[in-house]
Amino acid sequence: MSMRLQNKVAIITGASQGIGQNMAIHFANEGAKLCLISRREEALKEMVLELKLPQGKVLVLPLDVTDQSACDQAARACFAHFGGIDILVNNAGIYRSKPFMDHCTNDFKQLMDVNVYGAVHMVQACFEFLQKSSSARIINMASTAGKWGSKNQSAYNTSKHALVGLTRCLALEFATHAITVNAICPGFVQTAMLEELKSMASHSAGVSEDEFYLAALARIPLGRVMKPQEISSMAVYLASAESSGITGQSIHVDGGMVFS
């Protein structure tokens, strides 16, 4: 490994599974000190054991990012433990799929609370500490759903469009503080969330899971879903010194699904 994140302190939300878990492994392999956040405390602890990280290089904080006070406490705890915060990865997210007329207001609220306000809470909590870093990075996990419209996931797409917009606005505001802000927009990724998506989206569309999956593959020029490692590799790049001139971007890792 090149150790591109040697001694950098990274907070990763939604770190107990899927893309977040893979990112934690990749960041650790690149030398980062980790503050791992998730609602699933036992899963986080099991992951830390698997990573075999020294106690001084990892901090586990079970919390819900919709709780602003808990996010504030987490940022302070991370700074107190490591003496700094260099990287914030807002990865926590949830998915829902159903026709628009079947959505209730609470569906929209739940998705916005986690996918958008969770990121807002973490950025506001970490900002004063990120300002102290000489190479501060914020990485928001958006989605191709934040760049186009699609049937039966209006609430989810709305939340991801909002996260892309937030990324652009924060990049402009935080540039004077030398903090870069970017988003990663994955397409279909082989994680547990993809299985959830297949189940919900196929039900909403009235087709089988196999039919939905084949139709999804047909939309990907590379003809395959992405691997979690491909997303975490982009996150490492955006967190590293190599990306110092990149901010305000929403970068697709989707096999060619979206070009805009």
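Going by the numbering used here, 153 is the number at position 152 of the sequence shown; the sequence numbering is gapless. Beta carbons are placed, not taken as given, at the ideal position from N, Cα and C, and that holds for glycine.
When C-alpha distances from I26 are compared across Q230, T192, I247 and S244, the shortest belongs to Q230. The distance from the Cβ of P187 to that of D255 is about 6 Å, consistent with a contact at the 8 Å cut-off. Judged by beta-carbon spacing, N91 lies within the 8 Å limit of M142, meaning their Cβ atoms are closer than that value. Minimum Cα-Cα distance from F189 among the listed residues R225, E210, K161 and L164 corresponds to R225. The closest CA to that of S39, considering only A33, M48 and E31, is found on M48. Each of Q56, E51 and G19 was checked against the Cα of C36, and the nearest Cα belongs to Q56. DSSP, read as helix, strand or coil, puts A11 in strand.
By the Cβ test, the stretch 233-250 is not in contact with the stretch 189-205, since fewer than three Cβ pairs between them sit closer than 8 Å.
Counting C-beta pairs with one atom in each stretch, the stretch 137-151 and the stretch 86-101 have three or more that are closer than 8 Å, which means they touch. Counting the other Cβ atoms within 10 Å of the Cβ of C170 gives fewer than 16, which makes it exposed.
Remark: C-beta atoms of L218 and I180 do not approach each other more closely than 8 Å. In this structure, Y96 is the residue among C127, Y214, Y96 and G246 with its C-alpha nearest to the C-alpha of D114. Three or more pairs of CB atoms, one per stretch, sit closer than 8 Å, so the stretch 145-154 contacts the stretch 202-210.
Under the three-state reduction of DSSP, A184 is assigned to strand.
Scanning its chain for C-beta atoms nearer than 8 Å, with the 5 sequence neighbours on each side dropped, one finds around K228 the residues V190 and Q191, in chain order. Contact annotation: K148 and V259 have beta-carbon atoms nearer than 8 Å. Secondary structure remark: continuous alpha helix (DSSP H) runs of at least 4 residues inside the stretch 185-244, in chain order: 193-206, 210-219 and 229-240.
Assignment of alpha helix (DSSP H) within the stretch 34-116, counting only whole runs of 4 or more residues, yields 42-52, 69-83 and 106-113 in chain order. Take S234, set aside five residues on each side of it, and the residues of its chain with a beta-carbon closer than 8 Å to its own are H27, in chain order. Secondary structure of I247 (DSSP, three-state): coil. For a cut-off of 8 Å, the C-beta gap from L60 to S17 is around 14 Å, too long to register as a contact.
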